[in-house]
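Undergrad: Going by my numbering, the first residue of the sequence shown is number 8, and it counts up by one from there.
Dropping the structure in here first, questions after.
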Amino acid sequence: MKVEHIFSRDFLDRYANGEREFSGISLQFADISVNLKDVTIRDSKLFFVTFFGCNIVNVRFINCEIFYGSFNGGGLENTIFDNCNIDFTIFHNGLFKNVKILRSKLSWCAIFSRPVEELDISKSECFKIFRNVSEITDRDVEEAMSRLGPVISSMDFSIKVKIKEELHKGAADYGVNVDKTGIEPSYEGHAGGHYRVASGYGANLQNLISSVIRAYNAVHPYVKKRGYDNTELKE
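Here is the structure:
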């Protein structure tokens, strides 16, 4: 798949200028915090992209690869993911309304937004999909978090250093101890035991995704969009 590498500022500029069809793009380490409506993203790759507090309406993701994605807060309405690969992605603190994931493959995803009845994944292949914290074991959490290690190891040294710094800032709040000599988090005993760790899965995954995005943008500040007034893009 040939792709055009773009930054979040490019995506937001093009959206603000009226573009609604995005094809063959690679959007990486991006924080999108604006409402999106009537958009089609096709044959594209989204890698460490978080949609924070966005109302996403009438949006279609077609034949896309979404890795370490986050839809945190806001809502998804009349939105379709068609023939997508969706891995290590979280839907958290948001509202679903007529959302369909069709002919797709999902793995290691946390679906904590509600109501679940408004999300149809019946026509997709699913592996390790968590809809409730009661389904999660400590082993699941440890395996999911450890899989981030090889991904981070492939990044530039300066980015890895920043990621470690970011992870240390908030890790203690979620019952995670990040070894200062390595990237992978380890889990230790806490009051509440299993529930403490499992219930933090969404927060842990969200924290890891956000930490990587912040770290990358701290090393490459030019990829960050500045000067947008979100009200200009929101309806």
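Where is the CB? At the ideal position from N, CA and C, for every residue including glycine.
Owing to the predicted nature of the structure, the values given are computational and were not obtained by experimental measurement.
Considering only C-alpha positions, which residue in the set R49, R146, S33, I136 is nearest to T96?
TA: Within the sequence shown, residue 96 is the residue found at index 89, counting from 1. Among R49, R146, S33, I136, the Cα nearest to that of T96 is on I136.
Undergrad: Do G101 and G76 have their beta-carbon atoms positioned less than 8 Å apart in this structure?
TA: Numbered from its first residue, the sequence shown carries residue 76 at position 69. Numbered from its first residue, the sequence shown carries residue 101 at position 94. Their beta carbons are not under 8 Å apart, which means G76 does not touch G101 by this criterion.
Undergrad: Measuring only the C-alpha atoms, how far is S153 from E125?
TA: Residue 153 sits at position 146 when you count from the first residue of the sequence shown. Residue 125 sits at position 118 when you count from the first residue of the sequence shown. Their Cα atoms are separated by approximately 31 Å.
Undergrad: Taking the alpha carbon of D50 as the reference point, which residue from K44, N62, I73 has its own alpha carbon closest?
TA: As a working note, residue 50 is residue 43 in the sequence shown. Measuring from the Cα of D50, the nearest candidate turns out to be I73.
Undergrad: In terms of residues, what are the limits of the beta strand (DSSP E) holding S77?
TA: For the purposes of this step, residue 77 is taken as residue 70 along the sequence shown, with counting starting at 1. 77-79 is the span of the beta strand (DSSP E), which, as asked, contains S77.
Undergrad: When DSSP labels each residue in this structure, what does I13 get in the three-state scheme?
TA: The residue given as residue 13 occupies position 6 in the sequence shown. Note: I13 maps to strand in three-state DSSP.
Undergrad: For the beta strand (DSSP E) containing I73, name the first residue and the last one.
TA: Numbered from 1 along the sequence shown, position 66 holds the residue referred to as residue 73. It spans 72-74 - the beta strand (DSSP E) in which I73 sits, taken as one unbroken run.
Undergrad: Hey, quick one: how far does the alpha helix (DSSP H) through V158 stretch, first residue to last?
TA: On the sequence shown, position 151 is the one that residue 158 refers to. That run of the alpha helix (DSSP H) goes 155-160.
Undergrad: What residue does the beta strand (DSSP E) around E28 start on, and which one ends it?
TA: As a first step, residue 28 must be located in the sequence shown, where it is residue number 21. E28 -> beta strand (DSSP E) spans 28-30.
Undergrad: In chain order, what residues of the same chain lie with their CB nearer than 6 Å to the CB of A151, ignoring the 5 residues before and after it?
TA: To locate residue 151, count along the sequence shown from 1; it is residue 144. The answer, listed in chain order, is W115.
Undergrad: May I ask you to verify whether the segment 43-63 touches the segment 128-147, counting CB pairs closer than 8 Å and requiring at least 3?
TA: Counting Cβ pairs under 8 Å, fewer than three are found: no touch.
Undergrad: According to the Cβ coordinates, are I93 and K107 closer than 8 Å?
TA: In the sequence shown, residue 93 corresponds to position 86, counting from 1. In the sequence shown, residue 107 corresponds to position 100, counting from 1. No, the pair does not count as a contact, with Cβ atoms beyond the cut-off.
Undergrad: Between N24, L19, I69, which lies nearest to G31 when the distance is taken from Cα to Cα?
TA: Within the sequence shown, the letter at position 24 stands for residue 31. Closest option to G31, Cα to Cα, is I69.
Undergrad: What is the C-beta distance between S129 and K112, in whole angstroms, given that I count them as a contact (C-beta under 8 Å)?
TA: Working through the sequence shown from its first residue, we reach residue 129 at position 122. Working through the sequence shown from its first residue, we reach residue 112 at position 105. About 14 Å separates the two Cβ atoms, so there is no contact after all.
Undergrad: Rank N90, A117, C61 by C-alpha distance to the C-alpha of Y84 and give the top, closest one.
TA: Here residue 84 corresponds to residue number 77 of the sequence shown, with the count starting at 1. Note on residue identity: the sequence assigns Glu, not Tyr, to residue 84. Closest option to E84, Cα to Cα, is C61.
Undergrad: How long is the line joining the alpha carbons of D127 and L43, rounded to whole angstroms?
TA: Taking the first residue of the sequence shown as position 1, residue 127 is located at position 120. Taking the first residue of the sequence shown as position 1, residue 43 is located at position 36. Each residue's alpha carbon lies about 21 Å from the other.
Undergrad: In whole angstroms, what is the alpha-carbon distance linking H201 and F98?
TA: One-based indexing of the sequence shown puts residue 201 at position 194. One-based indexing of the sequence shown puts residue 98 at position 91. Because H201 carries a pLDDT of 37, less than 50, the predicted location of this residue cannot be relied on, and the following value inherits that uncertainty. Each residue's Cα considered, the two are about 22 Å apart.
Undergrad: Who does R138 pair with in a DSSP beta bridge?
TA: The sequence position of residue 138 within the sequence shown is 131, counting from 1. DSSP, once it has assigned bridges, lists no residue as partnering R138.
Undergrad: With 16 as the cutoff for other CB atoms within 10 Å, does S40 come out buried or exposed?
TA: For this step, residue 40 is matched to residue 33 along the sequence shown. So S40 ends up on the buried side.
Undergrad: Thinking just about the alpha-carbon of each residue, which of V66, R110, S33 is nearest to the one in G82?
TA: As a first step, residue 82 must be located in the sequence shown, where it is residue number 75. Of V66, R110, S33, the residue nearest in Cα terms is V66.
Undergrad: For V56, which three-state DSSP category applies?
TA: Locating residue 56 in the sequence shown gives position 49, where the first residue counts as 1. Looking at V56 - three-state DSSP - the assignment turns out to be strand.
Undergrad: Assign V123 to one of three DSSP states: helix, strand, or coil.
TA: Within the sequence shown, residue 123 is the residue found at index 116, counting from 1. Looking at V123 - three-state DSSP - the assignment turns out to be helix.
Undergrad: Beta strand (DSSP E) containing R67: first to last residue?
TA: Along the sequence shown, read from residue 1 onward, the residue named residue 67 stands at position 60. Per DSSP, R67 belongs to the beta strand (DSSP E) from 67-69.
Undergrad: Under three-state DSSP, which class holds F95?
TA: Counted from its first residue, the sequence shown places residue 95 at position 88. The answer is coil: DSSP assigns F95 none of H, G, I, E or B.
Undergrad: Would you mind sorting F18 into buried or exposed? The rule is 16 or more other CB atoms within 10 Å of its CB.
TA: Sequence index remark: in the sequence shown, residue 18 carries index 11 (1-based). Counting Cβ neighbours within 10 Å, F18 comes out buried, since at least 16 surround it.
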